[in-house]
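Enquirer: Handing you this structure, nothing more for now.
Number of protein chains: 4
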Amino acid sequence: MSGDSQLRLGVLGVGRIGSMHVDLIANRTEGGTVTGVFDVHAAGARAVAERFGVTAFDSAEALIASDDVDAVAICTSTDTHVDLIVAAAEAGKAIFCEKPISLDLAEVDRGLAAVEAAGVPLHIGFNRRFDPGHRAVRDAVADGTVGDLRQIAITSRDPAPPPIGYIERSGGIFCDMTIHDFDMARYVAGSEVTEVFAKGWISVDQAIGDAGDYDTVTAMLTHENGVVTTIDNCRQSSYGYDQRVEAFGSSGAAISENHRDHYALTLTAEGGRSALVPNFFLERYIPSYVNQWNEFITAVTSGAPTPISGADGRAPLVMGLAAGRSVAEGRPVATTEID
Amino acid sequence: MSGDSQLRLGVLGVGRIGSMHVDLIANRTEGGTVTGVFDVHAAGARAVAERFGVTAFDSAEALIASDDVDAVAICTSTDTHVDLIVAAAEAGKAIFCEKPISLDLAEVDRGLAAVEAAGVPLHIGFNRRFDPGHRAVRDAVADGTVGDLRQIAITSRDPAPPPIGYIERSGGIFCDMTIHDFDMARYVAGSEVTEVFAKGWISVDQAIGDAGDYDTVTAMLTHENGVVTTIDNCRQSSYGYDQRVEAFGSSGAAISENHRDHYALTLTAEGGRSALVPNFFLERYIPSYVNQWNEFITAVTSGAPTPISGADGRAPLVMGLAAGRSVAEGRPVATTEID
Amino acid sequence: MSGDSQLRLGVLGVGRIGSMHVDLIANRTEGGTVTGVFDVHAAGARAVAERFGVTAFDSAEALIASDDVDAVAICTSTDTHVDLIVAAAEAGKAIFCEKPISLDLAEVDRGLAAVEAAGVPLHIGFNRRFDPGHRAVRDAVADGTVGDLRQIAITSRDPAPPPIGYIERSGGIFCDMTIHDFDMARYVAGSEVTEVFAKGWISVDQAIGDAGDYDTVTAMLTHENGVVTTIDNCRQSSYGYDQRVEAFGSSGAAISENHRDHYALTLTAEGGRSALVPNFFLERYIPSYVNQWNEFITAVTSGAPTPISGADGRAPLVMGLAAGRSVAEGRPVATTEID
Amino acid sequence: MSGDSQLRLGVLGVGRIGSMHVDLIANRTEGGTVTGVFDVHAAGARAVAERFGVTAFDSAEALIASDDVDAVAICTSTDTHVDLIVAAAEAGKAIFCEKPISLDLAEVDRGLAAVEAAGVPLHIGFNRRFDPGHRAVRDAVADGTVGDLRQIAITSRDPAPPPIGYIERSGGIFCDMTIHDFDMARYVAGSEVTEVFAKGWISVDQAIGDAGDYDTVTAMLTHENGVVTTIDNCRQSSYGYDQRVEAFGSSGAAISENHRDHYALTLTAEGGRSALVPNFFLERYIPSYVNQWNEFITAVTSGAPTPISGADGRAPLVMGLAAGRSVAEGRPVATTEID
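Residue numbers (the working numbering), protein chains in the order written: chain A, 40 to 378; chain B, 40 to 378; chain C, 40 to 378; chain D, 40 to 378.
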């Protein structure tokens, strides 16, 4: 990377998530700056480039090769991640890659091999680990506050399902949505998952079922250390983006509760009324994204390991594939069956 | 008192509060038993006596004189308190007296003098001191958790005003209702009040104003130790019996929040819905009454001072009289002006 | 039953639970009265009888046969329940029986057959259905507030394990402790459970494992209507008796939260501090027991069906047996495999 | 203003608050853009100008006169506000002015007269009105949810006092800090204040007293419509920036509670632990500043009245002066005595 004191980032893919990252790096983080963007939709890339005063590159290759780019943020569609990881690794650039790395384990392994060969930093964007509330739960496990961990419960519900077109290319709910919770389970437990039992069904929109996916899933995970995790997911929640994590152990419990749009309570003869849960990730998780960028930038510039490794990105995919098989076959599936 | 291991109580006045006390002593407390009751409404006394299997006495004098009575609980109308205190003191009986002792300071002093002369225990029934939440606030002050105390805020609102007939004989809202909060201020602050500034007005029912009283009051108290307390009172609250106490100091704050009828939360597209605040003292303060009886009984049987002394019963009356004068004259009134 | 306006109850078994019931019927409910008790520990029965002024019978048979007993409450050890149910049914008495009916399905069926033959009312004591918070969750499902139900989550943790002697005779955690949650799942979902997948392990005390039981379990239930329920149980919780129920559907969620010993919050430079969760069922569920008695008494005296039928008592036992087999065989078990 | 679709703002004073405003206008709001800045500390202005890519003007006059400036944001020291308001008004620019307008009522009136003569929009920066929680309280009053308003309670405590140098130029706590709460009282009540009774004292730092100020105050306000407001203020709070507002009326109450740094709860044998209250205004009120800019920009560009008028800026100063006199003279002071 350059001798410049700022880590210079090039952002590949500036759709909803990618342009959010550009904004956050430019305005909300310390130590990083965006120097260029690329998107297959050239007009979108130009608009973002103009708004933030950065270069719109003509190709991903040109951005990756640029001397003004120390690190690349891969925010393109999932099927392009591994090629871009390989290219960036070969160019010696630090890499931030959105989840999932790929929907194909062999492809994931190809990407991770290239990263290892090049010795470049790689971080997978499981942003929820950086949420202060969820992190407080993990910390209460890690620092012994909850004692010997026994059970974890994760609830994660989106406000509304994505378009069917998105569903069709998503790899299925387990690899697209539950993958965040699979990561959270490993993060909180500090232990790998050995078995997955899952139920998946349609309760929101039959079109999702017609696309071969589920919109509602419940999963039960067994960790190597004996801890059992339950996960409740749904693609639709009337009251907002339900995001909760709890851990229970021999000395206590830690519970990361939902936020609210505000904290005013109205009391009348009908009882109490309070605000909605924040609608979606932009309303709920901006601080987690900001923290993630700051920790990624600090790690890369200081030479420390990135917070979330390639192996951390791979394990939840194995769990997602195991979950899919569990539903299909109606039985618990060992992760070793997948891997 | 008798050599019996149970403190034998005679209850004078078995209306709503008195019969509650009979029930609590009989069924919910340790170390005490009710042996007799008296009420000017003889039928009411007989009904209570029959229900609890105790003696209905023909007169207060007979109850007080009975060898089966170690202590009397005075739950009659306020204007009879002092005569009964004097009679019980002269009979050498321990005394539990509902608040207020009297609406007349000279009468209070006559009662307290009789108690002092007789050397009997006297306790004034400011039950809220025994509520676990409010007590936790006081304890956080007393044990140094909040540091040097600076400000206290007390909110106390009844669900609905009492009948006008009650209002007319009540001595006014400051001596009838706010008196609980005046006591709470002294209890939490651990310091006497030197000045009262109050506003009283009608916002609930003009008939209360026609009876010469206020139904809504706000008061600001200055304590000897410099702490300032605010009190918000109202005779009507649509959402239940609003009972909150908070203390703020150099190291922190302690806040006793309202309870709810239950703790289920419903979340829909309209936001959160929760339960009402418990309706009134029977729903909110039974544990405080039970604790009060247990502590009174323990004090009397062990010879320790009662939790709330005659002087503790007198001070809030002074504050109530000062508050009334403050509203009438539109100025802060020193408690020394009353006393 | 007698023409008397009070339902006269005889209580069989006056250990911890039975004597609590005597107290509640005598002092906290309307329409019922205790006329007699029996216990194999005669001294214990006599003490309770004396305290509450009721008859201590010499045998269960004598109590059941007494003309002063309209209904019997069976609070004895589980292995005696069915014989007593049969005897009471044959005597034409209404029956309240603590859970579980029996640990043996054939025995359960023998008891239910006797009840059906006699046409007497039978109620099984799953008291948690009468908790106002949990009931608010069920009501939010039943009245459509949460819309089409999708997922249920139940958390239930005891403060500390019972003695090993109790564990040994308990039938195992699924039939002794989780059975409450199995009942709650049916109650909230309004739908039978068709499949159980469970994990059970030791994380509290190896002696429980040596006794052939688990102390910590997580279960996942599939209901006939497609709803999936997760249950987290543990025999030990440092912070009190963790009792939570939540339901999620197309229009919202309803969440019954833990209570606290009180509702004072302390804020200092170390953050907020709040009170413990109530320690155990005596601190948490007295209102549910009171409501249960009132509803049982009303049902029996009015001739309406009891709130919790014999079939309601049988179904959770099937689930408990399925859960045990699921852990043993490491696979989901259909309830039809048991039944 | 220009035909440009963006409102072009020049920011006068780019210290802590001013540079925050530049950042928010540049990055978090819609419809506005910063075109220039000025500060008496030229180096500071240049740094901000460079960071945000805007012009650093050599003088306030030059900024005000610039054709690239449609509106000025006055974020300089209080004693310069009125001259800048007059200059901006004479230049026909829309004006956003931080609170207080001035510490001198005659000066305020000179500024307001200039604004009126010029017919330019003026907004006074009482940002807390735009906090979603506090606004929900006001809305619950305005839309009738709380019914006929009776009492308001406002708590506002800073984490730590400002430097003594700041205190000395602040005009005193009532005009510097409590002024926000005076504004909030008017905002929530929708009614002017006619009388102020206040206590002010030193409980944090004697140096503040030596500077002629108080660090802790409690005030009681009477509104024209009969509502009574209490305000608790302190310059130091160990647990963060305590910001609460509540309103009580005939139909209910609305309570804007403190936020927390996060919403994780830890439960152990010591009870519950939760996070701190956000430390100060940057952690608590950014959304209110963003909302304020959006509403100011919309008002100016659409020709609608600004959300907070010059008269709204003047009234709390009268209340602050009345509060000071009330403490000095130990009596309630009518606002007509000041004005």
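Just so it is clear, CB atoms sit at the ideal spot from N, CA and C, and this is done for glycine as well.
Mind listing which residues of the region 263-279 of chain A have their C-beta closer than 9 Å to chain B's C-betas, in chain order?
Expert: The region 263-279 of chain A vs chain B, Cβ under 9 Å: S276, S277, Y278 and G279.
Enquirer: Nearest by alpha-carbon distance to A367(C): which of G183(C), A224(C) and K238(C) is it?
Expert: Comparing Cα positions, the closest option is K238(C).
Enquirer: Tell me, please, whether the region 266-281 of chain A touches the region 266-284 of chain D by the rule of three or more beta-carbon pairs shorter than 8 Å.
Expert: No contact exists between the region 266-281 of chain A and the region 266-284 of chain D.
Enquirer: Starting from A110(C), trace the beta strand (DSSP E) both ways and give me its first and last residue.
Expert: Start and end: A110 to I113.
Enquirer: Where DSSP assigns a beta bridge to T340(D), which residues make up the other side?
Expert: In the DSSP output, where bridge partners are listed per residue, T340(D) has none listed.
Enquirer: Could you check the C-alpha separation between E69(C) and P326(C) for me, to the nearest Å?
Expert: Between E69(C) and P326(C), the C-alpha separation is close to 13 Å.
Enquirer: Starting from V147(B), trace the alpha helix (DSSP H) in both directions and tell me its first and last residue.
Expert: First-last of the alpha helix (DSSP H) with V147(B): L144 to A157.
Enquirer: Pick out the complete beta strand (DSSP E) segments inside the region 40-75 of chain B, 3 residues or longer, and give them in chain order.
Expert: Qualifying beta strand (DSSP E) stretches, in chain order: 46-51.
Enquirer: Which first and last residues belong to the alpha helix (DSSP H) in which D247(B) is found?
Expert: Looking at the sequence itself, residue 247(B) is Ile, so the reference to Asp does not match. Note, I247(B): alpha helix (DSSP H), Q245 to D249.
Enquirer: Alpha carbon to alpha carbon, what distance is there between D107(D) and F91(D)?
Expert: Using only the alpha carbons, I get a separation of about 16 Å.
Enquirer: Going by C-alpha distance, which of H60(A), H298(A) and W240(A) is nearest G251(A)?
Expert: The residue with the shortest Cα to Cα distance from G251(A) is W240(A).
Enquirer: Given a cut-off of 8 Å on the beta-carbon distance, is the pair G172(D) and Y302(A) in contact?
Expert: Yes.
Enquirer: Does chain A have any CB closer than 8 Å to the CB of R312(C)?
Expert: It does not; no Cβ of chain A falls within 8 Å.
Enquirer: With distances taken Cα to Cα, identify the nearest neighbour of P346(B) among A133(B), H162(B) and G49(B).
Expert: Looking at the Cα atoms, H162(B) is the closest of the given residues.
Enquirer: What are the partner residues of Q282(B), as DSSP defines its beta bridges?
Expert: DSSP lists S195(B) as partners of Q282(B).
Enquirer: Report the residues of the region 297-311 of chain B with a CB closer than 8 Å to any CB of chain C, ordered along the chain.
Expert: Within the region 297-311 of chain B, the residues whose Cβ lies closer than 8 Å to some Cβ of chain C are N297, H298, D300, H301, Y302, A303, L304, T305, L306, T307 and A308, listed in chain order.
Enquirer: Which first and last residues belong to the beta strand (DSSP E) in which A237(C) is found?
Expert: Note, A237(C): beta strand (DSSP E), V232 to W240.
Enquirer: I want to verify the contact list: residues of chain B whose CB lies under 8 Å from the CB of V316(A), in sequence order.
Expert: Those within 8 Å of V316(A) in chain B are L306.
Enquirer: Taking Cβ-Cβ distances below 7 Å as the criterion, which residues of the region 185-205 of chain D are in contact with chain B?
Expert: Per Cβ criterion, the list reads D187, R189, Q190 and A192.
Enquirer: If I'm right that A200(A) touches D244(A) with Cβ under 8 Å, what's the distance once you round it to whole angstroms?
Expert: In the sequence as presented, Ala is not what sits at residue 200(A); that position holds Pro. That pair is a contact at about 6 Å.
Enquirer: Counting C-beta neighbours from all protein chains within 10 Å, is the total for N264(D) 16 or more, i.e. buried, or is it exposed?
Expert: Classification of N264(D): exposed, given that the 10 Å Cβ count is below 16.
Enquirer: Just to make sure I have the definition right: I need the residues of chain C whose C-beta is within less than 7 Å of the C-beta of P171(B). Which are they?
Expert: Ordered by position in chain C, the residues that pass the 7 Å Cβ test against P171(B) are D300 and H301.
Enquirer: Beta-carbon separation of F236(D) and P371(D) under 8 Å?
Expert: In contact: F236(D) and P371(D) (Cβ atoms closer than 8 Å).
Enquirer: Any chance the region 169-183 of chain A sits against the region 255-263 of chain A, with 3 or more Cβ pairs inside 8 Å?
Expert: The answer is no - the region 255-263 of chain A does not touch the region 169-183 of chain A, with fewer than three Cβ pairs under 8 Å.
Enquirer: Could one say the Cβ of R174(C) lies closer than 8 Å to chain A's Cβ atoms, at least one of them?
Expert: No, R174(C) does not count as interfacial toward chain A.
Enquirer: What are the start and end residues of the beta strand (DSSP E) that includes F135(C)?
Expert: Run containing F135(C): A133 to C136, per the beta strand (DSSP E) assignment.
Enquirer: How about M216(A): is its C-beta nearer than 8 Å to some C-beta of chain C?
Expert: No, no contact with chain C.
Enquirer: Just checking, does the region 327-341 of chain A make contact with the region 326-339 of chain B on the three C-beta pairs under 8 Å criterion?
Expert: Touching, no.
Enquirer: Find the residues of chain D that neighbour A292(B), judging by a C-beta separation of less than 8 Å, and give them in chain order.
Expert: Simply S276, Y278 and D281.
Enquirer: Kindly indicate the opening and closing residues of the beta strand (DSSP E) around A303(D).
Expert: Run containing A303(D): A303 to T307, per the beta strand (DSSP E) assignment.
Enquirer: If you measure from the beta carbon of G380(C) to each beta carbon in chain A, is any gap under 8 Å?
Expert: Nothing can be reported for residue 380(C): it is not among the residues displayed for chain C, which extend from 40 to 378.
Enquirer: Cβ closer than 8 Å: which chain C residues qualify as neighbours of F236(A)?
Expert: The contacting residues are F236, M259 and P371.
Enquirer: Spell out whether any CB of chain B is found under 8 Å from the CB atom of F320(D).
Expert: No, its Cβ sits nowhere closer than 8 Å to a Cβ of chain B.
Enquirer: Based on Cα-Cα distance, which residue from A99(A), S141(A) and V339(A) lies nearest to R208(A)?
Expert: The residue with the shortest Cα to Cα distance from R208(A) is S141(A).
Enquirer: Looking at the unbroken beta strand (DSSP E) that takes in T374(C), where does it start and where does it end?
Expert: It is not in any beta strand (DSSP E) - T374(C) instead sits in the alpha helix (DSSP H) that spans T374 to I377.
Enquirer: Quick one: what does DSSP say Q275(A) is sitting in, helix, strand or coil?
Expert: It is coil, neither helix nor strand.
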